[in-house]
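Protein chains in written order, with the working numbering: chain A, 269 to 889; chain B, 23 to 316. Glycine included, each C-beta is placed from N, C-alpha and C at the ideal position. Please read all numbers here as calculations on a predicted model, not as lab measurements. Below is one structure, written out as C-alpha cells; comments come after it.
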C-alpha cells in the first residue's frame, strides 16, 4: 500500500521538506524559515506559499503567522500555518497520544480548533468557551489520546481568521487495518480566498443585502420565471437567488490553496485505487463535486467509514468531509468543484500524464430557490412520507426556475405533515400566494420572536433525501444523506431519552442569524444543557431560506436518515432551506462545546450556542 | 434513563485558584479514562466545593473555569459573546447628490443619511437640502434620531430635526423607516415644531434592476401639513408632491452615477403662496447626480 501524500505542482524539494519544526530546530545549521523564526509576525514581511507540507505526529508544531498570499491574479493579506495556505497536513495515528503545539505569531489572539476530533473539551480550541485563547506571541499545547481515525481538519476559531487561510487538513490512520483499500491518496481541501478583508465582507453583508451576488433577478436576466413569480418574491422581500452570501468574483475558489489558473495537478498511475479525501474548509461555500467520466465510491463521511456507495456527483457543505475512491484509467480527468450558486469553480487535474491539461465543464446555470425552500414543502405533492427523498422530484423543475405554483391548488394543500395543528388559513396580511411567510404562532415557546426572525417555515419537511440545491434533477447519480450507512452498524441501539427541537432563525435584510431567535450574544447565561450520557433526538427546523451546515464540537451525532442501526455518524449536518433535519446524539463527552452554523459570517452574526454536558457522577458523591 | 444534572463541573474539579497547574499530570489523568471523558478524578486531590462558581443548572457555561481559572476565562468569554452577534458598525449613504437643470436658475440637492449601531438599535443621522445657484438656500435640515427595530423590516425612529433655512425651526421627529413588500424603501415621519406646527413627510423609493448594474429608481415624496404656516409659505393639507425617475449605473455597488427627471408640484395653499411669490408651482428638474455609500 503506497500512501504517497503528494501535493503536486510537484516541486520535489517540497516533498522532502522537513516534517516538523522540532526536527528542523534540531538542525541548527539549517537556516530557519521566516515563519519559524518569528520574522514574519504581523509585519507581513513574508509571503505565504500555496499548498501544504506534511507534519507527522505525535509531536506537531504549528506556527500561525500572516503574510501576503497570491493565487490566480489575486493577492492579499493571508494567515497561514507553517508558512503555507492551507496549513500543513497533520498526520496522526489512532492509539497514540497527540501532542499538538500551537505558536501564535500574529499580532492578535488566535486559536486552533481540531474539527471532528474527540478530545477533552479544554483542548477543543474555542476561545472563551474551551480555553482562554492564545495571546500574541503565546503558545498552547493540546495533548490527547487519539481514539478515532479518518479525515478531519483544523481551523481558527478566533474572529474571522479562518477566511484568511487559517485552516489545514488532519488525517488519522487507523490503528489496525484500514477497511478502505487504496494505493494512493490526495487531500482535496476546498476553500476560498478573497483580497477583501473579512471584516469588510461582514460589513457589506450587514448593510447591503445581495452585495456579492452578480446573479440577482433583473428585467434582463435568463431566469425562467414569469412575472407573477417575480412579484411574489418581491412581495416577500426575499430573493430567489439568495443562495450564497459571498461568492465569485469576490472569492477565488481553491483546492489546496490553488486557484483555477494555477493548474493544480494530482498525479496517479493508471489502475491505482486513488483515495480522494475531500475537506470543505471554506468559510461560506457549498461545493458540487464532479469528476466527469469517473464514478466516485463514497467510503467515508466526516471521518466515519460508510458502506461504499457509488455516485457521479455530491454536494459538500462547509466543514463536511467525504472520502471517495476512484480507479481511473490512463488519462487526465477534470476534478471540478463548482460553488453551489455556480458563480465559480475550484479545479484540479487528476492525471496520469503530467502536463496534460484537463477540460473542465462549463459552469451550469445558477439554480433558484423553490417553494420547498420557503418552508412550504409537501404542498405541491400533498402528503409526504417524512423522509421523502424521491418525493421531491416534483420540485426539480422549480429549482431550475420554473416555480410553477400558479398551477397549484392551494385549497388542497395538505398541512397534515406539519408539527402542529394548522389553524385555518386566514389569508392575513403576511400571506404570499395564500401562504403565510411569518406565522409566528407556528413556533414553539422556546423561540424568541423578534426582528431577527423574518420567516417561519410553514410546513418544514425532512429532506435527508435531498441531494442539495440544484442537484435534484441532474441526469446522473448524486449523493444524499439517505444513502449514507455506517460501515459498522453497531450503534443506535438505544432509544433517545428525550427529544428537543431547535429552530434556525434569521433575517436576510439585517443579516441576523441565530438559534431559536436568540443570537449567541444574547444567550450567554443559558447554554443547551445535557446530562452525562443522555441520548437526545434533536430536530433542527430551518426557518430561513438558506442551507445551514450545523456543526457540533466534540461529539458525533447520528443522522436520523432511516438507516436504523446503521445511522451514519457525522459532526456536521446540512439543514436545507425551509426544512428540518434530525439527529440523535449521546452526550458522553463532558464539558462545554460549541454548536454553530459553519457559515463563518452566520456564526459571527450570532448563529451559535454552547452545548454544556454535565460531568459524570462519581461513586461516593 | 434519568441522570440527574446535579453534578457541577466546578465541583468535579478542585479549587483551581489554589492549584499548582505545573504539577498537574494531565497525561496521566486522561489515560486513566480511556474513553476520554475528561474525567479528572485522576487528580489525587479531594474535590471540595468551589463557592465562587455558579451551580451548573444556571449561569454561563463554566466548565473551562475549572480548568483554566475563572479569571483567565473572563475576558475571552466576554469577547466570545460580543463577537458573535453584537457587532456595531457605521454606514453612510449619499442617496441623492445632484445637479438640477430647470427653467430659471439651475439648482442642487443633497439627501444623505448614515448610522452607527447594532442590529436593533442605531444612532441615525439624516440631512436634506436644496437650493438654486446664486440664491439663498431654499431648504436645509439635519435630523438626529434613535432608531430601534420594531420588526424584521422596519425601524421606529425618534429624535429631533433642525432646520437651517428661513425662520429657524426645531422639530421633534417620529417615524418609521424600512423595507415594505416589493422591496419598497419607505421613510415616513411626522414632525412637531417648536412653534407647534405639525407636518409629515412620506418618502418611498424602489430599486428596479434592469441588469446587475443598471438600476431604474422611481421615487416619490409627499409633504403634508396640518395647518397653514405662512412664515414658511406652507398651506394646510398636501403641501407638495415630488415624483422622480432615476437611471443609475452602479460602477460598484457603492458608487453609482445617475441621470433622471423629477417633477415637483406645490398644491393647495402652498401653491397659492408660490404663485403670490412669483414662483412656478410646478417645476420639472433634469437631474444628474451620484449615489454612494460606505
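As assigned by DSSP and simplified to three states, the class of residue i
i                      : result
residue 144 of chain B : strand
residue 621 of chain A : coil
residue 872 of chain A : helix
residue 734 of chain A : coil
residue 285 of chain B : strand
residue 669 of chain A : Residue confidence is low: residue 669 of chain A scores 36 on pLDDT, short of 50, so the model does not pin down where it sits. Its coordinate-derived value is still stated next. The answer is coil: DSSP assigns residue 669 of chain A none of H, G, I, E or B.
residue 102 of chain B : helix
residue 613 of chain A : strand
residue 711 of chain A : coil
residue 544 of chain A : strand
residue 277 of chain B : strand
residue 482 of chain A : coil
residue 550 of chain A : coil
residue 376 of chain B : A question about residue 376 of chain B goes unanswered here, because the residues of chain B that appear run from 23 up to 316.
residue 376 of chain A : coil
residue 408 of chain A : strand
residue 817 of chain A : strand
residue 321 of chain A : coil
residue 788 of chain A : helix
residue 227 of chain A : Residue 227 of chain A lies beyond the residue range present for chain A, which begins at 269 and ends at 889; the question has no answer from this structure.
residue 569 of chain A : strand
Segment limits, beta strand (DSSP E) that includes residue i
i                      : result
residue 474 of chain A : Where residue 474 of chain A is concerned, there is no enclosing beta strand (DSSP E), although the alpha helix (DSSP H) it sits in stretches over 466-475.
residue 258 of chain B : No beta strand (DSSP E) holds residue 258 of chain B; DSSP gives it neither H nor E.
residue 642 of chain A : Note, residue 642 of chain A: premise wrong, no beta strand (DSSP E); not H, not E.
residue 120 of chain B : 111-123
residue 163 of chain B : 161-171
residue 457 of chain A : 452-461
residue 608 of chain A : Counting along the chain, residue 608 of chain A falls outside any beta strand (DSSP E), and DSSP gives it neither H nor E.
residue 272 of chain B : Segment: none, residue 272 of chain B is in no beta strand (DSSP E) and carries neither H nor E.
CB contact below 9 Å: residue i versus chain B
i                      : result
residue 851 of chain A : no
residue 344 of chain A : no
residue 536 of chain A : no
residue 793 of chain A : yes
residue 863 of chain A : no
Residue i, buried or exposed, once every other Cβ within 10 Å from all chains shown has been counted against 16
i                      : result
residue 632 of chain A : exposed
residue 526 of chain A : buried
residue 297 of chain B : exposed
residue 744 of chain A : exposed
residue 273 of chain B : exposed
residue 192 of chain B : exposed
residue 305 of chain A : Any reading at residue 305 of chain A is ruled out, since the residue's pLDDT is 48, under 50, leaving its predicted position unreliable.
residue 204 of chain B : exposed
residue 508 of chain A : buried
residue 879 of chain A : buried
residue 217 of chain B : exposed
residue 169 of chain B : buried
residue 431 of chain A : buried
residue 495 of chain A : exposed
residue 833 of chain A : exposed
residue 890 of chain A : Residue 890 of chain A lies beyond the residue range present for chain A, which begins at 269 and ends at 889; the question has no answer from this structure.
Unbroken alpha helix (DSSP H) run spanning residue i, endpoints
i                      : result
residue 588 of chain A : Note, residue 588 of chain A: premise wrong, no alpha helix (DSSP H); not H, not E.
residue 254 of chain B : From DSSP, residue 254 of chain B is part of no alpha helix (DSSP H); its letter is neither H nor E.
residue 343 of chain A : Unbroken run through residue 343 of chain A is the beta strand (DSSP E), 342-349; no alpha helix (DSSP H).
residue 499 of chain A : 495-504
residue 292 of chain B : 290-298
Min CB distance residue i to chain A below 9 Å
i                      : result
residue 141 of chain B : yes
residue 234 of chain B : yes
residue 277 of chain B : no
residue 80 of chain B  : yes
residue 175 of chain B : yes
residue 99 of chain B  : yes
residue 146 of chain B : no
residue 113 of chain B : yes
residue 197 of chain B : no
* Only counting runs of 3 or more residues, tell me where the beta strand (DSSP E) segments fall wholly within the segment 202-243 of chain B, in order along the chain. => Considered as a whole, the segment 202-243 of chain B harbours 206-215, 220-227 as its complete beta strand (DSSP E) runs of no fewer than 3 residues, in chain order.
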